[in-house]
Structures are given as structure tokens and as C-alpha cells.
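*Asks:* Input: one structure, supplied below.
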């Protein structure tokens, strides 16, 4: 009989303890979740200052990259008096590829979506230059290529270079 009484008392105590702990958990579970949510949010905001600096520098470098491959800036920077269309095309393509290779490591510090947009913009710029050359005569000059591409750019409703810059700026604002 003593064993049966002991087991009954133990079962009552265990059931009472489980009920008390369960009730306490349900009363404070939202507070526990908020605590962990705030703790992780604070840790994210307080990330390594050196890493934050690298991320900001990566965004800055990509802004410079976008500005440098923008056709309006490319033609001003690379155009030489009397340059042929083939020479200008080769110079532009080399410049874009060199700029891209110089900045390829920046993808470590920005979002994948932003990097994909930057990469696509680079590919679209190369395609635009190559397409511009296709319809020009072999004796065309660099001025003809410049004019054709810049006219094409004015016909685009939303400038892709400005849109990409806005995306990068929005990414920067997410860091703070």
C-alpha cells in the first residue's frame, strides 16, 4: 500500500509541476520570443565594424563601376579623334571587362540579387555595344557608334544604370 500511495503522490506532483511549468511558459512565451528576436536584431546591427566598412566600400566600388560602364561616361572617357568603330568597340569591351574583373570580389559583401543585377547590366552593356556595331558600315567612325548607342539609351524609358544605382543605394540603407 505504501508503494501505491507513493506512486499516486508522485504522479500528482509531476502532473501539477508539468501544469505549472506549461502555464508559466504560455504566459511568458511572447516575452521570450521578443527577447530572442531583439537579441538577434541587435547582434546583426552590431556586426563587426570592419565588416561593415568592407560592405560599404563594396557598395561604393559598385557605384563607381556602374558609372564607369554607363555608355554616356564610356564614350566621353574613351573616345579619341578619328577612332574607327572597331577600335572603339574593342576599347570599350576591354574597359568593361577590366572594370568588372577589378570589382568581381565585391560580390562577397553585397546581396546575391544586387550582384546578379550588376552582372546582368555589364552583360547588357556589352551586348548593346556589339549590337550597335553590327548595323554600322565598316568605314564608320567611333562617333557613329557613340551616336547610335546614345540614341538607343534615350529611347529607353527607365535608364537601367540609374535603376541599378538605386538598387545599390537601397542595399546600403539596409545596413543601418
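In this note's numbering, the protein residues as written are 10 to 185. Yeah, the Cβ is synthetic: ideal placement off N, Cα and C, and Gly gets one too.
To the nearest angstrom, how far is it from the Cα of residue 107 to the Cα of residue 121?
*Replies:* 21 Å
*Asks:* With DSSP as the reference, label residue 93 as helix, strand or coil.
*Replies:* strand
*Asks:* Among all the DSSP beta bridges, which residues are the ones paired with residue 114?
*Replies:* DSSP, once it has assigned bridges, lists no residue as partnering residue 114.
*Asks:* Considering only C-alpha positions, which residue in the set 142, 26, 64, 125 is nearest to residue 100?
*Replies:* 142
*Asks:* Please classify residue 158 as buried or exposed, where buried requires at least 16 neighbouring CB atoms within 10 angstroms.
*Replies:* Around the Cβ of residue 158, a 10 Å sphere holds 16 or more other Cβ atoms; the residue is buried.
*Asks:* With a 10 Å radius around its C-beta and 16 neighbouring C-beta atoms as the bar for buried, classify residue 79 as buried or exposed.
*Replies:* buried
*Asks:* Can you tell which of 11, 150, 16 has its C-alpha closest to the C-alpha of residue 90?
*Replies:* 150
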